[in-house]
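Read the structure below first, then the notes.
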Amino acid sequence: MAPGGGSYQDVIESNAAFADYGIAPANLGYESSPSRKSAATYGKRGIASNTAVHELLECPVCLNLMYPPIHQCPNGHTLCLNCKSQVRNSCPICRQELGNIRCLALEKVAQSLELPCQYHIYGCQEILAYNSRLRHEQNCRYRLYNCPYAGAECSVTGDIKFLVAHLKDDHGVDMHDGCTFNHRYVFNCFGHQFCLHFEAFHIGMAPVFMAFLRFMGDDHDAKRFSYSLEVGGNGRKLTWQGVPRSIRDSHKAVRDSLDGLIIHRNMALFFSGGDRQELKLKVAGRIWKE
């Protein structure tokens with residue numbers, strides 16, 4: 001399907017407009033949402049077996065599975081390497097000094113196991129050797145996503161369904177159904193969700209504006225779609241056509257790559273007309289399947 005235009009929406013250069021388009025004033029604060037799911041919660045849900053062996057491999061501090069090297073105190077209580085560095089060399093169970101005692105027997109047991117990926121509840125079907133499970137999970141296509149909201153440093157993670165609800169409930173982001181857009185929506189198109197961002201920053205010393213689209217899903221799915229953006233006024237128009245970027249890529253990474261519609265401030269003021277002092281852009285866009 002060929003790209004086409006959508007309805008227009010004015011963009012005013014002000015703190016309010018920046019908030020609408022994901023551009024936050026410097027003093028904008030953020031508090032963690034009560035909807036946030038902790039890493040320990042997701043890790044715990046990912047452990048499929050209830051056998052005694054698997055319970056022995058669960059770190060008593062972070063509740064994740066322990067990978068070699070596994071350390072123990074003189075009384076035999078074990079914990080993972082990451083947690084050992086955080087407990088000030090004191091066993092969290094009996095308070096004995098930890099030292100550098102390795103639990104070699106438990107490490108050998110661990111290396112003989114095969115386990116499902118912790119993201120199996122989200123669709124991963126992989127069964128993995130214990131010592132390769134962690135490496136797989138770091139790149140698993142079913143792993144959790146970071147919140148894509150651009151107006152604050154939000155550390156919430158979750159699957160797509162959870163993040164859509166989080167954006168709506170905790171960030172107040174507008175939701176929209178349809179494949180044409182004229183505002184910073186999270187919108188549903190072809191059964192998938194997309195985020196439109198409008199960003200103000202500098203390239204060198206030059207102030208610019210940038211609009212780009214992000215896909216709420218993995219990169220291989222994002223490449224199934226294309227989108228166009230246009231901005232104009234006074235009988236002139238700039239257009240951009242590209243492929244949406246996955247939210248696996250951070251908002252900053254996409255912005256810094258300049259993979260979107262770039263509008264220099266002087267051009268934006270020209271589009272705005274009037275006395276060329278007030279910024280008032282008209283942005284529209286459309287998504288289609290390749």
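Residues in the sequence shown are numbered consecutively from 1, following full-length UniProt numbering. The C-beta atom is built at its ideal place from N, Cα and C for all residues, glycine as well.
Where residue i falls: helix, strand or coil (DSSP)
i	result
Ala-150	coil
Ala-24	In this prediction, Ala-24 has a pLDDT of 33, which is less than 50 and means its spatial position is unreliable; nothing more can be read from the coordinates.
Glu-126	coil
Cys-59	coil
Gln-138	helix
Asn-131	helix
Val-283	strand
Lys-289	strand
Gln-118	coil
His-166	helix
Ser-33	Because the pLDDT of Ser-33 is 35, which lies under 50, any placement of that residue in the model is unreliable, and the question is left without a value.
Cys-189	strand
Leu-144	coil
His-183	coil
Cys-195	strand
His-176	strand
Gly-77	Correcting the residue identity first, residue 77 is His in this sequence and not Gly. Coil at His-77, not helix or strand.
His-171	coil
Gly-273	coil
Straight-line Cα distance separating residue j from residue i
i	j	result
Arg-133	Arg-245	27 Å
Ile-127	Gln-118	10 Å
Ala-52	Lys-108	16 Å
Ala-110	Val-61	18 Å
Tyr-91	Phe-198	In the sequence under discussion, the amino acid at residue 91 is Cys, which differs from the Tyr named in the question. Distance between the alpha carbons of Cys-91 and Phe-198: 50 Å.
Pro-68	Ile-101	12 Å
Arg-135	Cys-124	14 Å
Arg-143	Ser-250	15 Å
Met-175	Phe-194	10 Å
Gln-96	His-71	13 Å
Phe-181	Leu-63	44 Å
Glu-290	His-77	56 Å
Ala-150	Cys-103	45 Å
His-192	Gly-178	10 Å
Lys-84	Leu-98	8 Å
Pro-74	His-54	22 Å
Asn-266	Lys-252	24 Å
Best match in the options for proximity to residue i [C-alpha to C-alpha]
i	options	result
Leu-261	Ser-250, Cys-147, Gly-285, Ala-222	Gly-285
Phe-225	Asn-234, Phe-215, Cys-73	Phe-215
Tyr-145	Val-231, Glu-153, Thr-157, Asn-75	Thr-157
Asp-218	Val-208, Asp-159, Ile-121	Asp-159
Arg-248	Gln-138, Ala-211, Leu-167	Gln-138
Glu-230	His-183, Val-283, Thr-180	Val-283
residue 303	Ser-155, Gly-172, Asn-131, Leu-104	With the chain represented from 1 up to 290, any question about residue 303 goes unanswered, as that position is not in the structure.
Thr-239	Leu-196, His-183, Leu-167, Ala-211	Ala-211
Gly-232	Leu-279, Val-164, Lys-168, Ser-112	Leu-279
Lys-237	Gly-99, Leu-281, His-183	Leu-281
Phe-187	Gly-204, Ala-165, Val-254	Ala-165
Exposure of residue i, with buried meaning 16 or more beta-carbon neighbours within 10 Å
i	result
Cys-140	buried
Ala-206	exposed
Phe-201	exposed
Phe-273	The amino acid at residue 273 is misidentified as Phe; the sequence shows Gly. That one is exposed.
Asp-256	exposed
Ile-287	buried
Leu-258	exposed
His-264	exposed
His-220	exposed
Asp-170	buried
Arg-241	Note on residue identity: the sequence assigns Gln, not Arg, to residue 241. When all chains shown are included, Gln-241 counts as exposed.
Phe-270	exposed
residue 293	There is no way to answer for residue 293, as the model of the chain reaches only from 1 to 290.
Leu-81	exposed
Ala-129	exposed
Ser-228	buried
Pro-148	buried
Cys-189	buried
Cys-94	exposed
residue 319	Examination of residue 319 is not possible in this model, given that the chain is present from 1 through 290 alone.
Ala-105	exposed
Self-check item: Secondary structure, beta strand (DSSP E): runs of 3+ residues fully inside the segment 198-271
Solution: Here the runs fully enclosed are 206-215, 225-233, 236-242, 261-264.
Quiz prompt | Segments of 3+ residues assigned as beta strand (DSSP E) that fall wholly inside the segment 89-117 | solution = The DSSP assignment places 114-116 as complete runs of the beta strand (DSSP E) inside the segment 89-117, in order along the chain (cut-off: 3 residues).
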